[in-house]
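Please read the structure below before turning to the comments.
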Amino acid sequence: MPRHLLADDDLTPAEQAEVLALAAELKADPYGPKPLDGPVTVAMIFDKPTLRTQTSFGAGIAELGGHAMLVDGAMAGIGKRESVADVARVLGRQAGQIVWRTYAQSALEEMAEFSGVPVINALTDDFHPCQLLADLLTISEHKGRLAGLTAVFLGDAACNMGNSWALAGATAGMNVVLSGPEGYQPEPAMIERARAIAATTGGSVTVEIDPTAAVAGADVVITDTWVSMGKEDEAAARLAELAPYQLNAELLAGAADDAIVMHCLPAYRGKEITAEVLDGPASVIWDEAENRRHAQKAVMTWLQARR
Numbered sequence: 292m293p294r295h296l297l298a299d300d301d302l303t304p305a306e307q308a309e310v311l312a313l314a315a316e317l318k319a320d321p322y323g324p325k326p327l328d329g330p331v332t333v334a335m336i337f338d339k340p341t342l343r344t345q346t347s348f349g350a351g352i353a354e355l356g357g358h359a360m361l362v363d364g365a366m367a368g369i370g371k372r373e374s375v376a377d378v379a380r381v382l383g384r385q386a387g388q389i390v391w392r393t394y395a396q397s398a399l400e401e402m403a404e405f406s407g408v409p410v411i412n413a414l415t416d417d418f419h420p421c422q423l424l425a426d427l428l429t430i431s432e433h434k435g436r437l438a439g440l441t442a443v444f445l446g447d448a449a450c451n452m453g454n455s456w457a458l459a460g461a462t463a464g465m466n467v468v469l470s471g472p473e474g475y476q477p478e479p480a481m482i483e484r485a486r487a488i489a490a491t492t493g494g495s496v497t498v499e500i501d502p503t504a505a506v507a508g509a510d511v512v513i514t515d516t517w518v519s520m521g522k523e524d525e526a527a528a529r530l531a532e533l534a535p536y537q538l539n540a541e542l543l544a545g546a547a548d549d550a551i552v553m554h555c556l557p558a559y560r561g562k563e564i565t566a567e568v569l570d571g572p573a574s575v576i577w578d579e580a581e582n583r584r585h586a587q588k589a590v591m592t593w594l595q596a597r598r
């Protein structure tokens with residue numbers, strides 16, 4: 292059975308470290324290794340808007356010697372005109388790997404069950420594991436390590452990024468603090484799932500409502516848009532409820548002197564983050580965006596070796 296990357300904890304701590312080391316190697320030699328030479332076709336399906344995911348996967352597949360096949364999810368009628376299982380069976384006969392950016396985690400898991408080839412989560416409503424691998428690569432570049440660092444996620448911690456930070460940060464042995472108001476925190480089951488991992492890595496996962504207390508002494512401060520895709524009808528309420536969690540200069544001043552700032556983008560200056568912070572000296576956001584390509588190349592290479 293092929294391995295997949297459907298959620299952050301599909302990788303053990305040792306496997307996560309292996310993928311991150313591979314990402315660093317591929318970044319240092321971007322045009323050298325060609326594990327998808329042949330070329331191996333990678334089917335890319337995007338049900339949600341995309342910039343970084345589509346471009347970084349497309350460029351990464353080319354650099355690995357493969358062929359990116361863009362599949363229009365709406366035209367294919369995945370889950371409507373054809374069942375997810377039947378689409379998986381067809382794509383698994385046409386492509387060597389499948390990358391899917393979609394809504395339901397359960398649909399992604401069904402794709403993996405029937406595809407016969409590796410399936411990569413390029414974002415679902417529940418998880419964003421490729422973004423987290425890029426984030427961890429970026430942190431290791433700027434801090435030289437991951438284990439023992441404190442990473443604080445501010446705002447809507449109940450979103451896919453909050454879930455992924457809890458799982459991936461715990462896997463890396465980091466101290467993850469999720470800070471959002473009531474109603475914007477991960478489900479208790481998700482926290483327990485992450486804490487079970489942290490118990491094996493020396494990390495920790497904490498929920499802190501007070502953003503000032505959460506950020507105190509932090510090594511990494513992360514935020515994300517307050518109005519995720521599919522939440523547009525809740526925009527007014529979200530902007531009001533999450534306003535105290537804006538990542539601004541005053542809040543960042545409470546973090547460590549050498550703290551770095553991250554955002555998976557797209558960013559909305561003046562809402563979840565100020566322009567002063569996003570474009571300021573602590574920001575590593577553009578490194579983070581570039582590292583999507585290197586991290587995803589590592590994932591595709593790692594999975595290809597385990598088919």
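Its first residue numbered 292, the sequence shown is counted upward by one per residue in the numbering used here. Cβ atoms here follow ideal geometry from the backbone N, Cα and C, with glycine treated the same way.
TODO: May I ask which residues mark the beginning and end of the alpha helix (DSSP H) holding residue 587?
DONE: Position 296 of the sequence shown, counted from the first residue, corresponds to residue 587. That run of the alpha helix (DSSP H) goes 576-595.
- [ ] State yes or no: is the C-beta of residue 579 within less than 8 Å of the C-beta of residue 425?
- [x] In the sequence shown, counting from the first residue as 1, residue 579 sits at position 288. In the sequence shown, counting from the first residue as 1, residue 425 sits at position 134. Result yes, Cβ atoms of residue 579 and residue 425 sit closer than 8 Å.
TODO: Measure the CB-CB distance between residue 550 and residue 510 and report whether it falls below 8 Å.
DONE: Counting from one through the sequence shown, the residue named residue 550 turns up at place 259. Counting from one through the sequence shown, the residue named residue 510 turns up at place 219. Going by C-beta atoms, residue 550 is nearer than 8 Å to residue 510.
Open item on the list: Ignoring anything shorter than 3 residues, give me the beta strand (DSSP E) runs that lie fully in the stretch 335-379, in order along the chain.
Closed with: 358-362
Open item on the list: Please report whether the beta-carbon of residue 477 lies at a distance below 8 Å from any beta-carbon of chain D.
Closed with: This model lacks chain D altogether; it includes just one protein chain.
TODO: Return yes when the Cβ of residue 461 is within less than 8 Å of the Cβ of residue 492, no when it is not.
DONE: Along the sequence shown, one-based indexing puts residue 492 at 201. Along the sequence shown, one-based indexing puts residue 461 at 170. A contact, by the Cβ cut-off of 8 Å.
Task: Cβ pair residue 446, residue 533 closer than 8 Å - done: Residue 446 sits at position 155 when you count from the first residue of the sequence shown. Residue 533 sits at position 242 when you count from the first residue of the sequence shown. Cβ atoms of residue 446 and residue 533: closer than 8 Å.
- [ ] Answer with buried or exposed for residue 303, where buried requires no fewer than 16 other C-beta atoms within 10 angstroms of its C-beta.
- [x] Within the sequence shown, the letter at position 12 stands for residue 303. Exposed, since its Cβ has fewer than 16 Cβ neighbours within 10 Å.
TODO: Give the straight-line distance between the Cα atoms of residue 531 and residue 472, rounded to the nearest whole angstrom.
DONE: For the purposes of this step, residue 531 is taken as the residue at position 240 of the sequence shown. For the purposes of this step, residue 472 is taken as the residue at position 181 of the sequence shown. The straight-line gap from Cα to Cα measures roughly 11 Å.
Open item on the list: Tell me the DSSP secondary structure of residue 484 in three-state form.
Closed with: By one-based count along the sequence shown, residue 484 stands at place 193. Residue 484: helix per DSSP, three-state reduction.
Open item on the list: Mapping the DSSP letters down to three states, classify residue 412 as helix, strand or coil.
Closed with: Along the sequence shown, one-based indexing puts residue 412 at 121. Residue 412 falls in the strand class under three-state DSSP.
Task: Option nearest residue 397 by Cα separation, candidates 340, 389, 418, 383 - done: Locating residue 397 in the sequence shown gives position 106, counting from the first residue. The shortest C-alpha separation from residue 397 is found at 418.
Task: Within the stretch 490-535, ranges of the alpha helix (DSSP H) (whole runs, at least 4 residues) - done: 502-506, 526-533
Task: Residues that residue 551 bridges to, as DSSP identifies them - done: For this step, residue 551 is matched to residue 260 along the sequence shown. Bridge partners of residue 551: 511.
Task: Cβ-Cβ separation, residue 408 to residue 572 (assumed contact under 8 Å), whole Å - done: Position 281 of the sequence shown, counting from 1, holds the residue named residue 572. Position 117 of the sequence shown, counting from 1, holds the residue named residue 408. About 44 Å; that fails the 8 Å criterion.
Task: Assumed close pair residue 326, residue 595 - CB separation to whole angstroms, cut-off 8 Å - done: For the purposes of this step, residue 326 is taken as residue 35 along the sequence shown, with counting starting at 1. For the purposes of this step, residue 595 is taken as residue 304 along the sequence shown, with counting starting at 1. Indeed, because the Cβ distance is near 5 Å, the residues count as touching under 8 Å.
Open item on the list: Run through the DSSP bridge pairs and tell me what residue 441 is partnered with.
Closed with: Walking along the sequence shown from the start, residue 441 turns up at place 150. 466.
TODO: Return yes when the Cβ of residue 598 is within less than 8 Å of the Cβ of residue 350, no when it is not.
DONE: Reading the sequence shown from its first residue, position 59 is the one you call residue 350. Reading the sequence shown from its first residue, position 307 is the one you call residue 598. No, these two residues do not count as a Cβ contact at 8 Å.
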